[in-house]
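Visitor:
In full-length UniProt numbering, the protein residues as written are 1 to 225.
(1) Between the alpha carbons of residue 152 and residue 186, how many angstroms are there, rounded?
(2) According to DSSP, what are the bridge partners of residue 104?
(3) Could you have a look at residue 163 and say whether DSSP puts it in helix, strand or coil?
(4) Just checking, does the stretch 103-117 make contact with the stretch 125-136 on the three C-beta pairs under 8 Å criterion?
(5) Could you please give the first and the last residue of the uninterrupted beta strand (DSSP E) stretch that includes residue 173?
(6) Look up residue 116 in the DSSP assignment and say whether it is helix, strand or coil.
(7) Per DSSP, what kind of secondary structure is residue 199 in: helix, strand or coil?
(8) Using the C-alpha atoms, what's the distance from residue 115 back to residue 90?
(9) Looking at the unbroken beta strand (DSSP E) that takes in residue 185, where does it start and where does it end?
(10) With a threshold of 7 Å on Cβ separation, who are the neighbours of residue 243 within its own chain once the five nearest residues in sequence on each side are excluded?
(11) Identify whether residue 53 lies in helix, strand or coil by the three-state DSSP scheme.
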């Protein structure tokens, strides 16, 4: 059993079992014997720096020129490291925390490394943009988001979801809403029912739209929704 070719005899190169060479290990402290992103420990072996891990998944290795310490060994975060409502992103040798969508940094920092530095607080979209749901909706703030509560007769467009609180065509949405003897006329935010010639509403209560029916009479008439 002899020394590894090309390695100073004073350097102890370890294998799976006993060292291949005997003697001092002072030269292990020369970082040229450990790969990049690694350090020499006790002049005897190499270990990857914090935030790095060995390519061979060896927590401890020796002067192996084929070993690599890469940046995939950032600490495994439990969520508490970045805090609630934050995302962890691995970067070479470290990690970075950013607030989730709908939240903002209390410290004003876009990136941080621990919850002790910053908390991610809810963004009140309704307060920040007071017209976000106008003109036909009311903004309601929610954790990490918001919702628009549309006024009666208005709703979210099925064809274009980006349109907020648009007019609902009740005549198209609910065919027959006015009954068999009336015609439905859509209006902005509402609708009208108009009886055919020879019929009038069965009640003068203008809120009786769905239940409204027309009875035979002189002339035509209508009621609103």
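Yeah, the Cβ is synthetic: ideal placement off N, Cα and C, and Gly gets one too.
Bear in mind that the values here come from a model prediction, so they are computed numbers and not experimental data.
Guide: Taking the coordinates as given:
(1) Your numbering for residue 152 matches position 152 in the chain shown. Your numbering for residue 186 matches position 186 in the chain shown. For residue 152 and residue 186, the distance between alpha carbons rounds to 14 Å.
(2) Residue mapping note: residue 104 aligns to position 104 of the chain shown, counting from 1. According to DSSP, residue 104 bridges with 121.
(3) In the chain shown, residue 163 corresponds to position 163, counting from 1. Residue 163 sits in coil when the DSSP states are folded into three classes, being neither helix nor strand.
(4) no
(5) As a working mapping, residue 173 is identified with position 173 in the chain shown. Residue 173 -> not in any beta strand (DSSP E); alpha helix (DSSP H) instead, spanning 170-173.
(6) For the purposes of this step, residue 116 is taken as the residue at position 116 of the chain shown. In the structure shown, residue 116 sits in a helix (DSSP, three-state: H, G or I).
(7) Reading the chain shown from its first residue, position 199 is the one you call residue 199. In this structure, residue 199 counts as strand in the three-state DSSP scheme.
(8) As a first step, residue 90 is located in the chain shown; it is residue number 90 there, counting from the start. As a first step, residue 115 is located in the chain shown; it is residue number 115 there, counting from the start. About 16 Å.
(9) Here residue 185 refers to the residue found at position 185 when the chain shown is read from its first residue. Here the beta strand (DSSP E) through residue 185 covers 182-187.
(10) In the structure as shown, the chain begins at 1 and stops at 225. Residue 243 is therefore absent and cannot be evaluated.
(11) As a position in the chain shown, residue 53 is number 53, starting the count at 1. Here DSSP, grouped into helix, strand and coil, assigns residue 53 to strand.
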